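With UniProt numbering applied, the sequence shown covers 1 to 327.
Written below as structure tokens is the structure these notes are about.
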Amino acid sequence: MCPLWSINAHIRSPAEKVVSEAIIPSDFRCPISLELMRDPVVLATGQTYDRESITLWIESGHNTCPKTGQTLAHSNLIPHLALKNLIGMWCREQKFPFDTAENNQKVNGAVRNKAAIEAAKMTVSFLVNKLSLSQSFEAANGVVYELRSLAKTNSDSRASMAEAGVIPLLVRYLGSDRNGWEVSGRRGGGDSEGSYECAAGGAVAILEVVVKRGGVVAIAAAYIAIRKLGMLLREGSDAARESAVATLVTICRKGGSEMVGELAAIAGIERIIWEMMSSGTMRSRRKAATLLRILRRWAAGLDGEFVDLHTTATATISSSSRVALAS
Numbered sequence: 001m002c003p004l005w006s007i008n009a010h011i012r013s014p015a016e017k018v019v020s021e022a023i024i025p026s027d028f029r030c031p032i033s034l035e036l037m038r039d040p041v042v043l044a045t046g047q048t049y050d051r052e053s054i055t056l057w058i059e060s061g062h063n064t065c066p067k068t069g070q071t072l073a074h075s076n077l078i079p080h081l082a083l084k085n086l087i088g089m090w091c092r093e094q095k096f097p098f099d100t101a102e103n104n105q106k107v108n109g110a111v112r113n114k115a116a117i118e119a120a121k122m123t124v125s126f127l128v129n130k131l132s133l134s135q136s137f138e139a140a141n142g143v144v145y146e147l148r149s150l151a152k153t154n155s156d157s158r159a160s161m162a163e164a165g166v167i168p169l170l171v172r173y174l175g176s177d178r179n180g181w182e183v184s185g186r187r188g189g190g191d192s193e194g195s196y197e198c199a200a201g202g203a204v205a206i207l208e209v210v211v212k213r214g215g216v217v218a219i220a221a222a223y224i225a226i227r228k229l230g231m232l233l234r235e236g237s238d239a240a241r242e243s244a245v246a247t248l249v250t251i252c253r254k255g256g257s258e259m260v261g262e263l264a265a266i267a268g269i270e271r272i273i274w275e276m277m278s279s280g281t282m283r284s285r286r287k288a289a290t291l292l293r294i295l296r297r298w299a300a301g302l303d304g305e306f307v308d309l310h311t312t313a314t315a316t317i318s319s320s321s322r323v324a325l326a327s
């Protein structure tokens, strides 16, 4: 059988030569050819390769994974569309040509599901690492956007985000670190107020979805975000405030009295929540009323039941609106 390096031997086009001379991120390189993956696919073992390279490997008589050496349970190749999109973004930034056409090859549902989980973990890991290296709001905005899209559309990604440690990273964009980031941005040539608002809004939107659907790990990690979210209720945009109050309701309901106590320790928090109940969207007012109810039950020692408060909360909204009008 031919050696590994010869499997992908072919005459390079001018575009390929330009890409090969660039510093390609390791996650974007095929483990076989070590070149940029144009059509990344996931193997049965969960490893990702370029379709052309791994197809030639299998057709050459191999029945193992090149990277792990594991015997393949099947030879189906699952398109890694999330990674392909990331590679496409990188290519556009570098002004390299890249074909983003999707592959519609049909595969077994169970196989696709296993591969999708592995693909989601890999994509999340890559994005979380990229976010950790971001040095400004502007640099983080693109990563936050991708994470937000994944969190909203992919249930596997939500759990992976919590496990990968995304929550502590997102907390950086929610409040007190803002001045330091802005100074760093100005020195580097340019973060605007809009960049801050975009990063903060995206971060809290991700937190809302990850905390709600990300499982026990997400709830435990969310403890450090409580004070920042409380601060966001006072000074955030309308959309950020709505996501923040919804996230706090979820944290308090699922996290129990310790989480509620941390929120209650924020000076003036009840007043901030009360003011939210007479402004903003209907959803934010409803969530604010629920959160205030949770705090008051905790203060009264009734911390065993923080759920099913929607009916009471809705009634509280109406009364708070009347009080606000009277004042």
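Don't be surprised by glycine CBs; every beta carbon is placed ideally from N, CA and C.
The structure displayed is predicted, hence computed values, not measured ones.
Contacting residues, own chain, Cβ-Cβ under 7 Å from residue i (five flanking each side not counted)
i, result
"A139", "none"
"K152", "V209"
"H80", "P40, V41, V42, T48 and A119"
"N154", "A120"
"A240", "A200, G201, V204 and L232"
"S319", "Summary for S319: the model assigns pLDDT 46, below 50, so the residue's position carries little reliability, and this model does not support an answer."
"S125", "A164"
"L127", "V143, E146 and L147"
"I117", "D156"
Residue i (DSSP reduced to helix, strand or coil)
i, result
"L36", "strand"
"Y145", "helix"
"R213", "helix"
"R293", "helix"
"T48", "strand"
"T71", "strand"
"M64", "Correcting the residue identity first, residue 64 is Thr in this sequence and not Met. Correct three-state label for T64: strand."
"S53", "helix"
"K121", "helix"
"Y173", "coil"
"M276", "helix"
"T247", "helix"
"G201", "helix"
"S237", "coil"
"A267", "coil"
"K254", "helix"
"K228", "helix"
"L302", "coil"
"K95", "coil"
"I23", "coil"
Euclidean distance between Cα positions of residue i and residue j
i, j, result
"K228", "A246", "14 Å"
"G214", "S160", "8 Å"
"D191", "L72", "Model confidence at D191 stands at a pLDDT of 48, short of 50, so the residue's coordinates are unreliable and nothing is read from them."
"G180", "R172", "Because the pLDDT at G180 is just 45, under 50, the model does not fix this residue reliably, and the value given afterwards should be weighed accordingly. Taking the straight line joining both Cα atoms gives about 11 Å."
"E270", "E262", "13 Å"
"L34", "F96", "17 Å"
"L56", "R285", "59 Å"
"D156", "F28", "21 Å"
"L131", "L174", "14 Å"
"T290", "R283", "11 Å"
"Q105", "I78", "With a pLDDT of 49 at Q105, under the threshold of 50, the modelled position of that residue is not reliable, and no figure is offered here."
"F98", "L133", "25 Å"
"P25", "I58", "25 Å"
"E93", "L36", "15 Å"
"R296", "M122", "42 Å"
"E258", "W298", "10 Å"
"residue 330", "I273", "Outside the shown range of the chain (1 to 327) lies residue 330, about which nothing can therefore be said."
"R51", "Q70", "18 Å"
"I219", "S243", "16 Å"
"L237", "A300", "The sequence given here has Ser at residue 237, not Leu. Approximately 32 Å between the Cα atoms of the pair."
"I226", "G255", "11 Å"
"T64", "V211", "38 Å"
"K287", "M277", "8 Å"
"I23", "A265", "49 Å"
Bridge partner(s) assigned by DSSP for residue i
i, result
"P79", "V41"
"R29", "L36"
Nonlocal neighbours in the same chain, by C-beta distance under 8 Å from residue i, ignoring five residues either side
i, result
"V217", "A159, A162 and E163"
"I206", "V144, L147, R148, A151, M161, V166 and L170"
"T281", "D238 and E242"
Neighbourhood of residue i by C-beta distance below 6 Å, restricted to the same chain and skipping five residues each side
i, result
"K67", "P31 and Q47"
"A44", "L72, A73 and H74"
"K84", "P40"
"S279", "none"
"R234", "I272"
Contact test: residue i Cβ vs the ligand SAM heavy atom, cutoff 7 Å
i, result
"K152", "For the structure depicted, the ligand SAM is absent and the ligand set is empty, with no information on it obtainable."
Requested in this report: List in chain order: all unbroken alpha helix (DSSP H) runs of 4+ residues lying wholly within the region 125–171.
Outcome: DSSP assignment within the region 125–171 yields the following whole alpha helix (DSSP H) runs of 4 residues or more, N-terminal first: 137–153, 155–163 and 166–171.
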